[in-house]
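The sequence shown begins at 2 in the working numbering and counts up by one. Positions of the beta carbon are idealized from the N, C-alpha and C atoms, including for glycine. Have a look at the structure below, then the notes.
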Amino acid sequence: MKKNKLLQSVFIIIVFLFALNGRRLLEVYFTVSIDAPFVKLLYSYAWWIVPISLAVGLLYGFKNILKELCLDKNILYGLLFSIIVVSPMLISSALIGKIDKEIDVTTLLHKTLFAGFMEEVLFRGFLFGLLFRRTGWGFIPATVLGAVIFAFGHLYQGSDTNELIGIFLVTFVGSAWFAWLFIEWKENLWIPIFLHIFMNLSWTLFNVSDNALGNVYTNIFRFITIALTVVATIVYNNRKNKFTVNGKNLLINKTIGNNA
Numbered sequence: 002m003k004k005n006k007l008l009q010s011v012f013i014i015i016v017f018l019f020a021l022n023g024r025r026l027l028e029v030y031f032t033v034s035i036d037a038p039f040v041k042l043l044y045s046y047a048w049w050i051v052p053i054s055l056a057v058g059l060l061y062g063f064k065n066i067l068k069e070l071c072l073d074k075n076i077l078y079g080l081l082f083s084i085i086v087v088s089p090m091l092i093s094s095a096l097i098g099k100i101d102k103e104i105d106v107t108t109l110l111h112k113t114l115f116a117g118f119m120e121e122v123l124f125r126g127f128l129f130g131l132l133f134r135r136t137g138w139g140f141i142p143a144t145v146l147g148a149v150i151f152a153f154g155h156l157y158q159g160s161d162t163n164e165l166i167g168i169f170l171v172t173f174v175g176s177a178w179f180a181w182l183f184i185e186w187k188e189n190l191w192i193p194i195f196l197h198i199f200m201n202l203s204w205t206l207f208n209v210s211d212n213a214l215g216n217v218y219t220n221i222f223r224f225i226t227i228a229l230t231v232v233a234t235i236v237y238n239n240r241k242n243k244f245t246v247n248g249k250n251l252l253i254n255k256t257i258g259n260n261a
């Protein structure tokens, strides 16, 4: 059993790295020219969704792809929850900033809907989710692996050492926060998906700050949003006096036998 879980872990990580970097590796040797921006966007994310869907299908059955990626949960619940908790960011950005008149529809969809959905499916649903839920990785190691990669993926937004460090820390903590919310809300991936989408919308649609580190005002309302999600999650789980993330699964997930 342990050998099987180890092989699954290695396979999941390899597929994840291939999905994340496969297109760039291919384009080192072959030139792929796509003129239509939206088609190019779909092509780029196909490199993510196709490999991980095939991997999940091979490991757990093709009819279980949505279930194993935790996309079978209540989508409306995730939407309403996210609108409520992200409203401080959206309202403040609308009041403090100005609508970016130069942004086009494809770019807006790319940075909000596509980025939010695909990053959560790849990083939380696939990498973190399967390692934690299926292969026995503890919450901390499974979170750290995805968070480090996720944070490094946002360093392009920085221009100096201090800014790079700040962006890394913010995105690292954000990744861990998304993972915690995902698990504590009954493994509903739509919670972090819509949070990610609406948070990105608040600083993409409005000219307030140009990177993930943000400025004083955006960070104040970002922290308010984070606080709302934490309080809501604690209240939600206190009703049943049971948090999913606990001492039994921090380093090694000893409860995996109930779900595998």
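Can the beta-carbon of residue i be found less than 7 Å from the beta-carbon of residue j?
{"i": "THR108", "j": "GLU185", "result": "no"}
{"i": "LEU252", "j": "ILE141", "result": "yes"}
{"i": "ASN201", "j": "ASP101", "result": "no"}
{"i": "PRO193", "j": "LEU206", "result": "no"}
{"i": "LEU123", "j": "TRP49", "result": "yes"}
{"i": "CYS71", "j": "GLU164", "result": "no"}
{"i": "PHE195", "j": "SER88", "result": "no"}
{"i": "THR267", "j": "VAL86", "result": "Here the chain covers residues 2 to 261 and nothing more, so residue 267 does not appear."}
{"i": "ILE53", "j": "ALA20", "result": "yes"}
Under a three-way DSSP split, which group does residue i fall into?
{"i": "ILE184", "result": "helix"}
{"i": "LYS64", "result": "helix"}
{"i": "ILE53", "result": "helix"}
{"i": "ALA37", "result": "coil"}
{"i": "PHE244", "result": "coil"}
{"i": "THR256", "result": "coil"}
{"i": "THR113", "result": "helix"}
{"i": "ALA261", "result": "Its pLDDT being 48, under 50, ALA261 is placed unreliably in this model, and the coordinates cannot settle the point."}
{"i": "THR162", "result": "helix"}
{"i": "VAL22", "result": "In the sequence on display, residue 22 carries Asn and not Val. Looking at ASN22 - three-state DSSP - the assignment turns out to be helix."}
{"i": "THR172", "result": "helix"}
{"i": "ASN75", "result": "coil"}
In the DSSP output, what is residue i paired with across the bridge?
{"i": "LYS249", "result": "Answer by DSSP bridge pairing: none, since LYS249 is not bridged."}
{"i": "ASN208", "result": "LYS99"}
Using a threshold of 6 Å, is the CB atom of residue i nearer than that to any non-hydrogen atom of the ligand GTP?
{"i": "ILE235", "result": "In terms of ligand content, the structure shown is empty, and the ligand GTP therefore cannot be addressed."}
Please identify the residue among the options whose C-alpha is closest to the C-alpha of residue i.
{"i": "THR144", "options": "PHE129, THR113 and ARG135", "result": "PHE129"}
{"i": "ILE149", "options": "ASN163, ARG125, GLY137 and LEU131", "result": "First, the residue type needs correcting, since residue 149 is Val and not Ile in the sequence shown. The option with the nearest alpha carbon to VAL149 is ARG125."}
{"i": "ASP73", "options": "ILE97, TRP191 and THR219", "result": "TRP191"}
{"i": "GLY58", "options": "PRO89, PHE82, PHE31 and GLN9", "result": "GLN9"}
{"i": "ILE14", "options": "ARG25, LEU131 and THR256", "result": "LEU131"}
{"i": "PHE133", "options": "ASN5, ASN254 and VAL11", "result": "ASN254"}
{"i": "LEU80", "options": "THR234, ASN250 and HIS197", "result": "HIS197"}
{"i": "SER93", "options": "TYR237, VAL232, SER203 and GLY248", "result": "SER203"}
{"i": "PHE151", "options": "THR162, MET119 and PHE195", "result": "MET119"}
{"i": "VAL11", "options": "GLU188, LYS41, LYS112 and LEU60", "result": "LEU60"}
{"i": "HIS263", "options": "PHE39, ASN75 and GLY139", "result": "Since the first residue shown for the chain is 2 and the last is 261, residue 263 is missing from the structure and cannot be characterised."}
Starting from residue i, trace the alpha helix (DSSP H) in both directions and tell me its first and last residue.
{"i": "THR265", "result": "Look at the range of the chain in this structure, 2 to 261, and you will see that residue 265 is not part of it."}
{"i": "ALA233", "result": "217-239"}
{"i": "THR107", "result": "106-110"}
{"i": "PHE199", "result": "191-205"}
{"i": "LEU132", "result": "130-134"}
{"i": "GLU120", "result": "116-120"}
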